[in-house]
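Residue 486, in this note's numbering, is where the sequence shown stops; the numbers in between run on with no holes. What follows is one structure encoded as structure tokens, with my remarks underneath.
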Amino acid sequence: LPDGSKVLAEVAAFEDSSSRTVTVHSQLSMGNQCQEPLEVSLMSAETGDTVFFRRLDPGESLDLPPSLLPLQDGPFGLCMSVRHGLMDGAGWTETVSIASGLDQVVKDPLSAVEGSPAFHVRTVARVNTVKTGIGPEAESLALVEVCLMPVMVIKNLLPCPIRFSFMLEGGAPMQSYCADSAEEVAIHDFALEKKVHVGFSLGSLQDSEFVPVFNPEGEASSLEKHVNLFDPNRDLLRLSLEHEQEPEQVFRAIVFAPYWFVNRTGLPIEFGQKWTASNVSLLGGQHSELLERSSMRSNRSLRSRSAASSTSGEELREVLSGSTVQPVPFSFHWKVDVGGATATMRLGQPHAKFNSRENKRVPCDWCHPFSIDSVGSTLAVQLMSESTTYELVLEVSLAKGIFNRTKAITILPRYVVCNQLLQPVELGQVGCEEVTAKRLNQQEMAVIGWSEESKDRRVKIHLLPDTAQRHEEWEWGWSGGILP
């Protein structure tokens, strides 16, 4: 340029066209990858004079005017300092020189108030050296992109909120954070001079141990890939941790569950791991009462509704579509018996069976074990209580979108009946007593269950008078058997 400053002009051609585009780059660009607005001040490394001041909103980037760069050293002749754009009493961080290989966490010493940590920003300089011109007269030009980042990011890919807190090696636990499902939480509480550990808390499960998620020596093998949470019965929920710690990129720890169970039946169902050799079932941290208390399930779900009662067509349609059902995270224990990692299910409360030996009602039996690792598979499962058998279908797929690290096991009823008549009906099983029949009013839906295992699995229907409409007491008989 006439004043001696330099820019890079990049020429590109459109495909199948003679047109060209010319993109002009400054030698120095800046970007804010934090979730907070930042104010940036650039100073001359030689004189200390401020040459540039600008607020950068989250996600904003800009090219600096070439005239601001020292003619001899370009971007490397500048220093910079940062402060929080909205924090009351925020001070400037220590000054750092823009240089090749810059990757440094800077701290605002004035931001620390009683009971809270100081505000830290990770400053990274990405340098790309390009050749300008052709032949022996070609010059090298350094393009510098200064990225302002959080110290670390925790990304929650569970279907429910999770709490977490950090602890530096040799220190005490710091303040806790909460991340909603699919949320990324940016951390600015500490520098990266020591090993960083994180602990998680989920619902009413016991807090996990603190596990390493950053090592300043760069040993990725020392970072933990799983975190264990237990319920009061010592049943386990084992979450997965994935670490993204590439040089010059945002350091990110992603927490997710290997499996989700998505109960779209309207029935209360408990899930467990089947220990085939020892024939012992574990709930994997998914005890029904804990799930209810931890609010990991939608308030509008039908999980606690008695299976003997029908529900409105609108409610059951929502459950069948999955629009009101929140997935439940599930995992296997890290120790697996000879038979492999297989899951099992049973009906939860209020369903039960009578145990004559103990002379009391006990939980329902677990179903036959099944594998949930084969994506695209469909399984048929029967769940039994003392009085009813339900036929269900399981579909194994990858969760959608950003949750595709997780396998989703969707549970659907095999048969559902909807009464679209203008009067109520009774629904029963062929060959069974009428006392086991279920009443369905207009527009009500119900999952079909079989009252007696030995009887024919066909449905019979009986029309009822609508007393609300003052219909006469017609004597309708039962229909013949209907194959669902």
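The C-beta atom is built at its ideal place from N, Cα and C for all residues, glycine as well.
Taking a C-beta distance under 8 angstroms as the contact criterion, P270 and G350 qualify as a contact pair. Spatial neighbours of E41 in its own chain (CB-CB distance under 6 angstroms, excluding positions within 5 residues in sequence) are listed in chain order as R57, R85, G87.
Nearest to E186 by C-alpha distance, out of L194, S167, K157, is K157.
If one requires a minimum length of 3 residues, the beta strand (DSSP E) runs lying completely within the segment 225 to 288 are 228 to 232, 238 to 246, 254 to 258, 261 to 265, 271 to 277, 282 to 284, in chain order. Taking a contact as a CB-CB distance under 8 angstroms, the pair Q328 and P119 does not count as one, their CB atoms being some 33 angstroms apart.
Residue pairing for Q106: DSSP places it in a beta bridge opposite T125. Within 10 angstroms of the beta-carbon of T49 lie fewer than 16 other beta-carbons, which makes it exposed. By the criterion of at least three beta-carbon pairs nearer than 8 angstroms, the segment 407 to 425 is in contact with the segment 450 to 469. If you draw a 10 Å sphere on the C-beta of L30, you find 16 or more other C-beta atoms in it, and that means buried. Taking one beta carbon from each stretch, the segment 398 to 413 and the segment 443 to 458 have fewer than 3 pairs nearer than 8 angstroms; the two do not touch.
Relative to the Cα of E219, the nearest Cα in the group L3, L194, L238 belongs to L194. Exposure of K362 is indicated by the presence of fewer than 16 other C-beta atoms within 10 angstroms of its C-beta. Annotation for V9: L3, V26, H27, S28, Q29, P68 place their beta carbon closer than 8 angstroms to its own, counting only its chain and skipping 5 residues before and after.
Rounded to the nearest whole angstrom, the CA to CA distance from E38 to S379 is 44 angstroms.
Residue ranges of uninterrupted alpha helix (DSSP H) with 4 or more members are absent from the segment 135 to 223; none lies entirely inside it. Relative to S242, the option among A354, P234, Y261 whose CA is nearest is Y261. Only residues of its own chain outside the window of five on either side were considered, and among them K276, T344, T346 have a CB closer than 6 angstroms to the CB of P371, listed in chain order.
Listed in chain order, the non-local C-beta contacts of N130 below 7 angstroms within the same chain comprise L145, local neighbours out to five positions each way being set aside.
DSSP places T438 in the helix class (H, G or I) of the three-state scheme.
Fully contained in the segment 394 to 465 is no alpha helix (DSSP H) run of length 4 or more. Residue burial annotation: L73 is exposed, with fewer than 16 other C-beta atoms found within 10 angstroms of its C-beta. Residues of the same chain with a CB within less than 8 angstroms of the CB of E226, apart from the 5 flanking positions on each side, are V213, P214, V215, L243 in chain order. Annotated three-state conformation of E360 is coil, per DSSP.
Closest in C-alpha terms to P60, from the list M151, W336, F334, comes M151.
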